[in-house]
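Undergrad: Handing you this structure, nothing more for now.
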Amino acid sequence: MSLDGVLLNGLAGELQIVLENGRIDRIYQPETDEIHILIRNNGQNYRLLLSASSSHPRIHLTRQDKTNPLSPPMFCMVLRKHLIGGRLLSISQPGFDRILILHFESLDEMGDWTRKKLIIEIMGRHSNIIFTNQDGKILDSVKHVSKNISRVREVLPGKYYTDPPSHGKSDPRKAGREQVLSLLTSQNHNVRPERILADYFTGISRTTAEEICCMAARESGGQQADCAERIASAFTDFFSKVREGLFQPILVLGEQNKPKDILPFPYGIFPSGQMKSYPSFSDALDDYFITRDRMERIQQRTSHLRKVIRNNMDRCTKKLAMESAEIEKAQDSEVYRLYGELITSNLYRISPGEREVTLENYHDPDGKRVRIPMDPARSPSQNAQAYFKKYNKSRTVVAKQTKFRKETREEITYLESLAEHLSMCSDEADISAIREELIREGYLRRNSGKKKPQRHEVSLPHHYLSSDGYEIFVGKNNMQNDHLTLKTAAEKDLWLHTKVIPGSHVIVKTAGRSVPDTTLQEAANLAAYYSKGRTSANVPVDYCPRKHVKKPGGAKPGMVIYEQYQTMYVTPSEEKVQRMKKL
């Protein structure tokens, strides 16, 4: 996600309305590249976040209150000295670029009113927050840029601020249809029109350029929009909305509701089910980054557990290969039994000291003769017994290794289910439940330190209400799956699970009633979505009354067998899951 000029234009207008003439109460710097300015305006308190992070540079109002360092950094102290008690006069966006300028007025040490500017440049790894006086002299910045770092421009206290290189780009709000048409027709036909728009105009991201071309395609009845005239018309229509301020902040959601992008208004290139409307850009941006931060923390918190599961999967995979090789090696045991029987039947014909004998195979309809290697140091009878011993040993190996291979395959299935449930964790309670399961099953040691364990909320199953009013429960881990199926569900409740695919147990509470088709479809969609097959099509989902589901003795958590079931095929839909009422 990148904040392009279009989105910043809408955000600047939004912040201007809310913060204009607001009083600066406090300033904090919780991160080396992040500033929080607390502003009071019209009886309300606002927290304005400015970040020059290389990966997530941004500016917006936030409800997130971070822990601040005991000693404020120098940049924070400079801002406090010049801005505390002052007022935010306005917010501007020069040239539709990815730059916002905050204009302040405050009293200096002499008691005179002076004006200052806080400039945030949102430009990836070159992002910066720069504080200047009215004349553009730099007082300080979050990142100091010397000649050794950049030959283009210096950003140092005492130097004068200069704009970042514009690369000759034009303001798209000032471009007319004919100018855009001329640009598109004069370019190399091998260059995509999206790239031309993004490269020539300031503040247009590739996503926005793609949307403009998509608008042209829709106007042409869905055909490929390679016609310059249609694209030029779509371009002017798009920026007409921008000039009129017809913004409708949108958060685009990806897989597992992971925030994917922020849009100034709905884009046709994204499915409607993935776009969530917000009352303000700040709300959308705040949700985007709070959710991303939470998901990244979950990724960090689960990294060790993922490694434990992955290592055990590797161990089981190698073990399975060895067991299969042992079975294949011992599969020829029948020939040893045949050799023993043929030798025993022909003892009177075989002389001691023979190295090889050729005997008629009376099991073969054609009576084919069989060559049998012999140990000359043994008698014919001893040779027969040696072959019977080999036969029995091979049978024992096959039986034992077949049993081991079955157990190993079951363990792999179990580990796959653990990995799947771990990937769906949404909070610390979910992670703790899986960590506890790994400890109980012997894959992980309990921390023997004396440190008191943190208390977390208990992880509970997903709880939905179907369109027909039936309660549906979905297990988040194997322990929950066991409890739902074996403890919570009544015999006549409906049980669902993906066929041969790791996933959650789903229970439809029926209270003895028959399950309507709509509820069955919704429950099957939940079973497919909360499984390893969530990104596949036509996922098989088995279902049957709970009374037909049993847990074998000694089976691992979540592992059951079932009978008298039916199968239906569904293509998992995240949009349908989101539409369901969650209890």
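Under my numbering, the very last position in the sequence shown is 1170; numbers go up by exactly one each time.
Each residue gets a CB set at the ideal place from its N, CA and C atoms; glycine is no exception.
(1) If we count Cβ pairs, one from each stretch, closer than 8 Å, do we get three or more for the segment 947 to 964 versus the segment 1018 to 1035?
(2) What three-state label does DSSP hand residue 654 in the structure shown?
(3) Classify residue 775 as helix, strand or coil using the three-state DSSP reduction.
(4) The alpha helix (DSSP H) that contains residue 602, what's its start and end?
(5) Should residue 810 go down as buried or exposed, given a rule of 16 or more other Cβ atoms within 10 Å for buried?
(6) Answer with buried or exposed for residue 812, where buried requires no fewer than 16 other C-beta atoms within 10 angstroms of its C-beta.
(7) Within the chosen definition, does the segment 718 to 736 reach the segment 826 to 836 through at least 3 CB pairs nearer than 8 Å?
(8) Beta-carbon separation of residue 650 and residue 609 under 8 Å?
(9) DSSP has residue 691 in a bridge; who is on the other side?
(10) Take the Cβ of residue 604 as the centre, count every other Cβ of all protein chains shown within 10 Å, and call the residue buried at 16 or more, exposed below.
(11) Taking DSSP's pairing of strands, which residues face residue 902 in a bridge?
(12) What does a CB cutoff of less than 6 Å around residue 963 pick up in its chain, not counting 5 residues either side in sequence?
(13) How many whole angstroms separate the CB atoms of residue 598 and residue 876, which I take to be in contact at a CB cut-off of 8 Å?
(14) Would you list the residues sitting across from residue 1165 in a DSSP beta bridge?
(15) Which one of 637, 630 and 710 has the shortest CA to CA distance from residue 624?
(16) Considering residue 628, what are the terminal residues of the alpha helix (DSSP H) in which it resides?
(17) I need the DSSP call for residue 852, collapsed to helix, strand or coil.
(18) Taking DSSP's pairing of strands, which residues face residue 1050 in a bridge?
(19) Quick one: what's got a C-beta closer than 8 Å to residue 1024's C-beta in the same chain, skipping five residues either side?
(20) How should residue 817 be labelled, buried or exposed, when 16 other C-beta atoms within 10 angstroms of its C-beta is the threshold for buried?
(21) Check residue 680 in the structure and name its three-state DSSP category.
(22) Go ahead and pull the three-state DSSP assignment for residue 1011.
(23) Roughly how far, in whole angstroms, is the beta-carbon of residue 835 from the beta-carbon of residue 853, given that I think they are within contact range, below 8 Å?
(24) Ordered along the chain, which non-local residues of its own chain (more than five positions away) have a Cβ less than 6 Å from that of residue 927?
(25) Quick check on the burial criterion: 16 or more other C-beta atoms within 10 angstroms. Buried or exposed for residue 748?
(26) Could you check whether the segment 658 to 666 touches the segment 678 to 698, counting it as contact only if at least three pairs of C-beta atoms, one from each stretch, sit closer than 8 Å?
(27) Grab me the residues of residue 954's own chain with a C-beta within less than 8 Å of its C-beta, minus the 5 sequence neighbours each way, in chain order.
(28) With a Cβ-Cβ cutoff of 8 Å, do residue 1114 and residue 1083 count as a contact?
TA: For this structure:
(1) no
(2) coil
(3) coil
(4) 592 to 606
(5) The pLDDT assigned to residue 810 is 49, lower than 50, so where the model puts this residue is not dependable, and the model offers no usable value.
(6) Any reading at residue 812 must be qualified, since the residue scores a pLDDT of 46, below 50, and its modelled position is unreliable; the value itself is stated next. That one is buried.
(7) no
(8) no
(9) 675 and 703
(10) exposed
(11) Residue 902 is not bridged to any residue.
(12) 940 and 942
(13) Actually they do not touch by this definition, with Cβ atoms about 14 Å apart.
(14) None; residue 1165 has no bridge partner.
(15) 637
(16) Note, residue 628: premise wrong, no alpha helix (DSSP H); beta strand (DSSP E) at 621 to 628.
(17) coil
(18) 1060
(19) 1005, 1064, 1065, 1066 and 1144
(20) buried
(21) coil
(22) coil
(23) 7 Å
(24) 971, 974 and 975
(25) buried
(26) no
(27) 947 and 948
(28) yes
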